[in-house]
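Presented below is the structure to which this report refers.
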Amino acid sequence: MAAKLIFVSALLVAFAAVAFVYFEPIPREKYPGLVRKVHSELLRSARYVGSFFCRSKVTAKGVFTAEELARYDGSGESLGLYLAVLGRVYDVSKGAEHYRPGGGYSQFAGRDASRAYITGEFTEEGLTDDLNGLTDENLLSFSQWVDFYEKDYTLVGKLSGRYYTNDGEPTDELRAVWAAIERAKEKEYLAHEKSKIFPPCNSEWAPQKGTSVWCSKSSGGVERSWAGVPRQYFERDAGSVRCVCVRTTGPPSNHPVGASHKNRGDLDDPHLKEYPGCPPTSDTCKVPDSQ
Numbered sequence: 001m002a003a004k005l006i007f008v009s010a011l012l013v014a015f016a017a018v019a020f021v022y023f024e025p026i027p028r029e030k031y032p033g034l035v036r037k038v039h040s041e042l043l044r045s046a047r048y049v050g051s052f053f054c055r056s057k058v059t060a061k062g063v064f065t066a067e068e069l070a071r072y073d074g075s076g077e078s079l080g081l082y083l084a085v086l087g088r089v090y091d092v093s094k095g096a097e098h099y100r101p102g103g104g105y106s107q108f109a110g111r112d113a114s115r116a117y118i119t120g121e122f123t124e125e126g127l128t129d130d131l132n133g134l135t136d137e138n139l140l141s142f143s144q145w146v147d148f149y150e151k152d153y154t155l156v157g158k159l160s161g162r163y164y165t166n167d168g169e170p171t172d173e174l175r176a177v178w179a180a181i182e183r184a185k186e187k188e189y190l191a192h193e194k195s196k197i198f199p200p201c202n203s204e205w206a207p208q209k210g211t212s213v214w215c216s217k218s219s220g221g222v223e224r225s226w227a228g229v230p231r232q233y234f235e236r237d238a239g240s241v242r243c244v245c246v247r248t249t250g251p252p253s254n255h256p257v258g259a260s261h262k263n264r265g266d267l268d269d270p271h272l273k274e275y276p277g278c279p280p281t282s283d284t285c286k287v288p289d290s291q
């Protein structure tokens, strides 16, 4: 209903302006400024009317085409200040100082440039909604941007194209992106849980001593009741090695409750290796220069 009222009002304004300027006996040369202003308003009304008819024929209510969204870039003749993130369109007018022309985020207005939130590439090629090829870390960072817009700005519609159909239904590509984000979150959760079992070591480098690693009850930012001893942990999937602190007493972390054990904590985990030349029970080790 509101859209219809605005549409009718725009038509009435246009007709009134035409009647006033072109049918009243007012010499144009006497009021050139008035004529120019009315002409400008006529063009603005025409753009809105065109947008109204275009949307009703091409997409469902609340669904924007890329051309329609481009009319909301905050420039002088724009219809507002919108942007899209992962195909969801938000009204960012309350943050106009950031998104209007000249603002730090003006490149995002009037389009879906989801990828640029991560890459920082503001070329025409970089201002794209294509998220293919992003790493798990990239996707986790991007999901924080999605949460930010969902929380801080008003959702006004969806963008037809890569992530939503003309009817506003999610596409397979949108489902694939969300599935990838969920996988990345699961990996992050598992890594966090693993850090509780194998917390990172403290480390320092000195010109005369080289690199040393050691364990404490808060090393790696993980508070716990034990300090542990330094070991090399081999990440088979990533092909990397990192220093972790290993619990030396009690049952292994993956040991069934109540089952017998050797009271060696997690020292026998197959991913672990001692540092060369470092006593097995020492809480401090010198890292060889080759590592």
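Going by the working numbering, the residue at position 126 of the sequence shown is 126; the numbering climbs one at a time, nothing skipped.
In this text, a Cβ means the ideal position worked out from N, Cα and C, and glycines have one as well.
Values in this document were obtained by computation on a predicted structure and should not be read as measured data.
Fill in: Any alpha helix (DSSP H) of 4 or more consecutive residues that is wholly inside the region 79-157
96-99, 116-119 and 136-152
Worksheet item: How about the region 79-98 and the region 145-154: do they share at least three Cβ pairs that are nearer than 8 Å?
Response: yes
Practice prompt. Return the chain-ordered list of same chain residues with a C-beta closer than 7 Å to the C-beta of W214, the five sequence neighbours on each side being excluded.
Written response: C201, N202, P230, D283 and T284
Worksheet item: Taking buried to mean at least 16 other C-beta atoms within 10 Å of its own C-beta, is R175 buried or exposed?
Response: exposed
Discussion item. Looking at chain B, is there any beta carbon in it that lies within less than 8 Å of the beta carbon of P170?
Written reply: Within the model displayed, chain B is absent; a lone protein chain is all it includes.
Practice prompt. Run the CB neighbour count on L190, radius 10 Å, all protein chains shown included, and call it buried at 16 or more, exposed below.
Written response: exposed
Worksheet item: Given W226, which residues of its chain have a CB within under 6 Å of its CB, disregarding the five upstream and five downstream residues?
Response: R247
Item to complete: Tell me whether the beta-carbon of V177 lies closer than 8 Å to the beta-carbon of S195.
Response: no
Worksheet item: Can the beta-carbon of V89 be found closer than 8 Å to that of G161?
Response: no
Worksheet item: Should E67 be labelled buried (16 or more other beta-carbon atoms within 10 Å of its own) or exposed?
Response: exposed
Practice prompt. Could you name each continuous alpha helix (DSSP H) segment of 4 residues or more that falls completely within the region 237-271, going from the start of the chain to the end?
Written response: none
Worksheet entry | Cα-Cα separation, P27 to E124 | Because the pLDDT of P27 is 46, which lies under 50, any placement of that residue in the model is unreliable, and the number read from its coordinates should be weighed accordingly. Roughly 47 Å separates the two Cα atoms.
Worksheet item: Would you say C245 and G228 are within 8 Å of each other, going by their C-beta atoms?
Response: yes
Practice prompt. Using beta-carbon positions only, say whether F142 and Y117 come within less than 8 Å of one another.
Written response: yes
Practice prompt. Would you give the residue range spanned by the alpha helix (DSSP H) that K187 belongs to?
Written response: D172 to I197
Worksheet entry | Helix, strand or coil at G210 according to DSSP, with G and I counted as helix | strand
Discussion item. Just to confirm my understanding: we take L267, look at its own chain, exclude 5 residues before and 5 after, and list those with CB closer than 7 Å. What are they?
Written reply: V246 and T248
Worksheet item: Hey, out of S218, W145, A84 and Q232, whose CA is closest to D269's CA?
Response: Q232
Fill in: When G168, G120 and Y99 are compared against G110, the one with the closest alpha-carbon
Y99
Worksheet item: Taking buried to mean at least 16 other C-beta atoms within 10 Å of its own C-beta, is R115 buried or exposed?
Response: buried
Worksheet entry | Bounding residues of the alpha helix (DSSP H) (the contiguous stretch that carries E68) | A66 to L69
Worksheet item: Per DSSP, what kind of secondary structure is S219 in: helix, strand or coil?
Response: helix
Worksheet item: What is the residue span of the beta strand (DSSP E) that T284 lies within?
Response: T284 to V287
Item to complete: Whole angstroms is fine: what's the gap from G103's alpha carbon to D91's?
Response: 16 Å
Practice prompt. Could you check which residue in K185, A113, Y82 and G120 has the C-alpha nearest to that of G62?
Written response: Y82
Worksheet item: Do you know how far the Cα of S253 is from the Cα of I197?
Response: 7 Å
Fill in: Helix, strand or coil at Y275 according to DSSP, with G and I counted as helix
coil
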